[in-house]
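Peer 1: Mind having a look at this structure? Questions to follow.
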Amino acid sequence: MTRTPDHSIGYVLHDVTRLFRKHFDRRAIRFDLTRAQWRALKSIRRREGLSQAELAEHLEMEAIAVGRVIDRLVTADFVVRRADPNDRRRWCLHLTAKASAVTDDMEVLADELRQLALAGVGRAELRTFENVLDRIRGNLLALDAPLESDES
Numbered sequence: 426m427t428r429t430p431d432h433s434i435g436y437v438l439h440d441v442t443r444l445f446r447k448h449f450d451r452r453a454i455r456f457d458l459t460r461a462q463w464r465a466l467k468s469i470r471r472r473e474g475l476s477q478a479e480l481a482e483h484l485e486m487e488a489i490a491v492g493r494v495i496d497r498l499v500t501a502d503f504v505v506r507r508a509d510p511n512d513r514r515r516w517c518l519h520l521t522a523k524a525s526a527v528t529d530d531m532e533v534l535a536d537e538l539r540q541l542a543l544a545g546v547g548r549a550e551l552r553t554f555e556n557v558l559d560r561i562r563g564n565l566l567a568l569d570a571p572l573e574s575d576e577s
């Protein structure tokens, strides 16, 4: 069977990701957060105490843009900046209690959406799919290795 361009793996992965974001955004509108803000909150939740530079790298955003997102989250009482005791120039990002409650609700929302998206997909199928994706990711990460050693 020949695949058309809109059935290539790259297209399908992109489209599935786009649909996940669209449906998550529709459900998350009640939190009154932009996608960049909730991505930042989720990243901070996973790595409490990371710096703005680390967050920017993780989100693949410019540091200045992340700074604006964090400024708005600080103003809305979702995030606090604390000085790093080991480096005066570094500020560590931490969630507030208000943010923790919202991120808990967002995790529930994400889990519900995952369940809907995976309707009719068996455990074994999902495990196989995850293994294939892990191999693809590994192959793509390996492509970066020669580039990184060239920069040294």
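Sequential numbering from 426 applies to the sequence shown in this note's numbering. Glycine residues also receive a C-beta, built at the ideal position from the N, C-alpha and C atoms.
1) Could you spell out the range, first to last residue, of the alpha helix (DSSP H) harbouring A508?
2) Which same chain residues, not among the five before or five after L538, have their C-beta less than 8 Å away from its C-beta?
3) Between the region 460 to 478 and the region 508 to 526, do three or more beta carbon pairs fall short of 8 Å?
4) Just the C-alpha distance for D569 and V494, rounded to the nearest angstrom, thanks.
5) For R472, which of helix, strand or coil comes out of DSSP?
6) Are three or more beta carbon pairs between the region 453 to 470 and the region 480 to 492 nearer than 8 Å?
7) Could you spell out the range, first to last residue, of the alpha helix (DSSP H) harbouring R514?
8) DSSP three-state call for A501: helix, strand or coil?
9) First and last residue of the alpha helix (DSSP H) that includes H432?
Peer 2: By the coordinates alone:
1) Unbroken run through A508 is the beta strand (DSSP E), 504 to 509; no alpha helix (DSSP H).
2) F445, H448, F449, R452
3) yes
4) 29 Å
5) Residue state for R472 is assigned as coil, using DSSP reduced to three classes.
6) yes
7) Run containing R514: none in the alpha helix (DSSP H); it sits in the beta strand (DSSP E), 512 to 520.
8) coil
9) Careful: H432 lies outside any alpha helix (DSSP H) and carries neither H nor E.
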